[in-house]
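The opening residue of the sequence shown carries number 1 in UniProt numbering; numbering runs sequentially from there.
Glycine is no exception: its CB is placed at the ideal position from the N, C-alpha and C atoms.
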Amino acid sequence: MEDFDPANKIVLVHGIISDKIGKLIDYSEKMKRSISETSIPLMDIIDTGENLEIFAELPGVKLDDFNVLLYEEYLIIEGNKIADKPDCKVTFFRMERTFTPFRRIVRLPHEVDESDISAKLKDGVLIIKIKRK
Numbered sequence: 001m002e003d004f005d006p007a008n009k010i011v012l013v014h015g016i017i018s019d020k021i022g023k024l025i026d027y028s029e030k031m032k033r034s035i036s037e038t039s040i041p042l043m044d045i046i047d048t049g050e051n052l053e054i055f056a057e058l059p060g061v062k063l064d065d066f067n068v069l070l071y072e073e074y075l076i077i078e079g080n081k082i083a084d085k086p087d088c089k090v091t092f093f094r095m096e097r098t099f100t101p102f103r104r105i106v107r108l109p110h111e112v113d114e115s116d117i118s119a120k121l122k123d124g125v126l127i128i129k130i131k132r133k
């Protein structure tokens, strides 16, 4: 299990970037669809009454290969799943795994306390707990 400090991985978006993200989300809502959003990582969001718990599948993704942003009521997980390159020339007979950039933008169902967040990456699953307000 890899524990990490959420202050290092979950970025609370303020300042100049918050305006850009805000405009992107406003446009997305106006168009009733997501902008540059992928269907991965697959996610579950659970409301325990006290916390929101987010489970995002990130198999094969290293800590340095993704970012988590919290902007107002939006959680953004984005990154890149990088393929291991074979040492020699190979021919694939089947290639089902995807190695591509990803971005998920989800609106959280409740206001959250930005100062009370924990996260861990365990067995390819990112687990984020955020205290509800």
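> Buried or exposed: where does residue 126 fall if 16 or more other Cβ atoms within 10 Å of its Cβ makes it buried?
Replying inline: The residue you call residue 126 lines up with position 126 of the sequence shown. Looking at its Cβ environment, which holds 16 or more other Cβ atoms inside 10 Å, residue 126 is buried.
> Among 121, 40, 124 and 108, which one has its Cα closest to the Cα of residue 52?
Replying inline: To locate residue 52, count along the sequence shown from 1; it is residue 52. Checked all of 121, 40, 124 and 108; the closest Cα to residue 52 is 108.
> Per DSSP, what kind of secondary structure is residue 47 in: helix, strand or coil?
Replying inline: Along the sequence shown, one-based indexing puts residue 47 at 47. The answer is strand: DSSP assigns residue 47 an E or B state.
>> For the pair the stretch 87-106 and the stretch 115-132, tell me if three or more CB-CB distances fall below 8 Å.
In response: no
> Excluding five sequence neighbours on each side, which residues of the same chain lie with their C-beta closer than 7 Å to the C-beta of residue 112?
Replying inline: As a working note, residue 112 is residue 112 in the sequence shown. Contacts found: 52, 130, 131, 132 and 133.
> Hey, how far is the Cα of residue 61 from the Cα of residue 80?
Replying inline: What you label residue 61 is simply residue 61 of the sequence shown in a count that begins at 1. What you label residue 80 is simply residue 80 of the sequence shown in a count that begins at 1. C-alpha separation (whole angstroms): 8 Å.
> In chain order, what residues of the same chain have a beta carbon less than 7 Å from the beta carbon of residue 59, not counting five sequence neighbours either side?
Replying inline: To locate residue 59, count along the sequence shown from 1; it is residue 59. Only 124 meet the Cβ criterion.
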